[in-house]
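*Asks:* Have a look at the structure that comes next, please.
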């Protein structure tokens, strides 16, 4: 009986060692798979460099209206149209999102509408831009204005989440706290010089990048004095310890400079 127990215990130990080895091997395989996927993601991202371009599209319309003091209304829209011979469906997806944004600012009837983009940056399969829109419909007593940003991953046409570019939640929260301090200081400087009062800043709610600088902004939820719309810049290389290795903010040139 003791001999049989010994055989059983030996067998169980052998099986345990075998299972542990299999688990270790599986963990190593999973780790290698994740590493391989990250490398493939970086490689595929690099392959998008130079595959996209854009041209500015301008739309101008004038509508006669004798009831209006000037006798007509004008609509002017200037925005980028993404072009790609190698990735046409991705370009179409990006253009669809841009059209959705531009179409948000309109009048159901007669009115003046203006939409202009600025600081357009396209590199590494990423389109980043700032925009300003204003509109005054026939029924409105005064015009409304808004400014914002659009950041698209041209690999699939989706919008880029800033927090997803950071290593973890803690790294993003640290960055956001520093950004809010800078934004508050900038806003106070501008507001004080023009004698206006602005709402408090709770979070970073807009950003754009030129591949070397990350610009973050606090945009009020409702139209307000221009000094309340402030933004501050952070050098991307200084954020490298907080960003994911495969983040979408850095251009290949900056990545190479960091590696050297």
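Numbering (this note's numbering), first residue to last: 224 to 483. Yeah, the Cβ is synthetic: ideal placement off N, Cα and C, and Gly gets one too. All values reported here derive from a predicted model rather than from experimental measurement.
1) Roughly how many angstroms lie between the CA atoms of residue 325 and residue 307, to the nearest whole one?
2) Is the beta carbon of residue 338 closer than 8 Å to that of residue 305?
3) Specify the secondary structure class of residue 270 as computed by DSSP and reduced to three states.
4) Thinking just about the alpha-carbon of each residue, which of 345, 357, 310 and 373 is nearest to the one in residue 367?
5) Tell me the rounded alpha-carbon separation between residue 488 and residue 350.
6) Cβ of residue 424 within 8 Å of Cβ of residue 406?
7) If you measure between the beta carbons of residue 316 and residue 275, is that distance less than 8 Å?
8) Quick one: grab the DSSP three-state call for residue 369.
9) My understanding is that residue 376 touches residue 332, with C-beta atoms under 8 Å, so please give their C-beta distance in whole angstroms.
10) In terms of residues, what are the limits of the alpha helix (DSSP H) holding residue 341?
11) Give me the Cα-Cα distance between residue 334 and residue 285, rounded to the nearest whole angstrom.
12) Assuming contact is defined by CB atoms lying nearer than 8 Å, are residue 439 and residue 463 in contact in what I supplied?
13) DSSP three-state label for residue 412, please.
14) Do residue 467 and residue 389 have their C-beta atoms within less than 8 Å of each other?
*Replies:* The structure says:
1) Taking the first residue of the chain shown as 1, we reach residue 325 at position 102. Taking the first residue of the chain shown as 1, we reach residue 307 at position 84. Each residue's alpha carbon lies about 21 Å from the other.
2) Numbered from its first residue, the chain shown carries residue 305 at position 82. Numbered from its first residue, the chain shown carries residue 338 at position 115. No, the pair does not count as a contact, with Cβ atoms beyond the cut-off.
3) By one-based count along the chain shown, residue 270 stands at place 47. Of the three classes helix, strand and coil, the one that applies to residue 270 here is helix, per DSSP.
4) Working through the chain shown from its first residue, we reach residue 367 at position 144. The option with the nearest alpha carbon to residue 367 is 357.
5) As shown, the chain starts at 224 and ends at 483. That puts residue 488 outside it, with no answer to give.
6) Residue mapping note: residue 424 aligns to position 201 of the chain shown, counting from 1. Residue mapping note: residue 406 aligns to position 183 of the chain shown, counting from 1. In this structure, residue 406 lies closer than 8 Å to residue 424 by Cβ.
7) In the chain shown, the residue the question calls residue 316 occupies position 93. In the chain shown, the residue the question calls residue 275 occupies position 52. No.
8) Position 146 of the chain shown holds residue 369. In the structure shown, residue 369 sits in a strand (DSSP, three-state: E or B).
9) Here the question's residue 376 lines up with position 153 in the chain shown. Here the question's residue 332 lines up with position 109 in the chain shown. Contact doesn't hold; Cβ gap of about 36 Å is too wide.
10) Reading the chain shown from its first residue, position 118 is the one you call residue 341. Note, residue 341: premise wrong, no alpha helix (DSSP H); beta strand (DSSP E) at 334-346.
11) Your numbering for residue 334 matches position 111 in the chain shown. Your numbering for residue 285 matches position 62 in the chain shown. The straight-line gap from Cα to Cα measures roughly 10 Å.
12) As a first step, residue 439 is located in the chain shown; it is residue number 216 there, counting from the start. As a first step, residue 463 is located in the chain shown; it is residue number 240 there, counting from the start. In this structure, residue 463 does not lie closer than 8 Å to residue 439 by Cβ.
13) Within the chain shown, the letter at position 189 stands for residue 412. Residue state, collapsed to three classes: helix.
14) By 1-based counting over the chain shown, the position of residue 467 is 244. By 1-based counting over the chain shown, the position of residue 389 is 166. Their beta carbons are under 8 Å apart, which means residue 467 touches residue 389 by this criterion.
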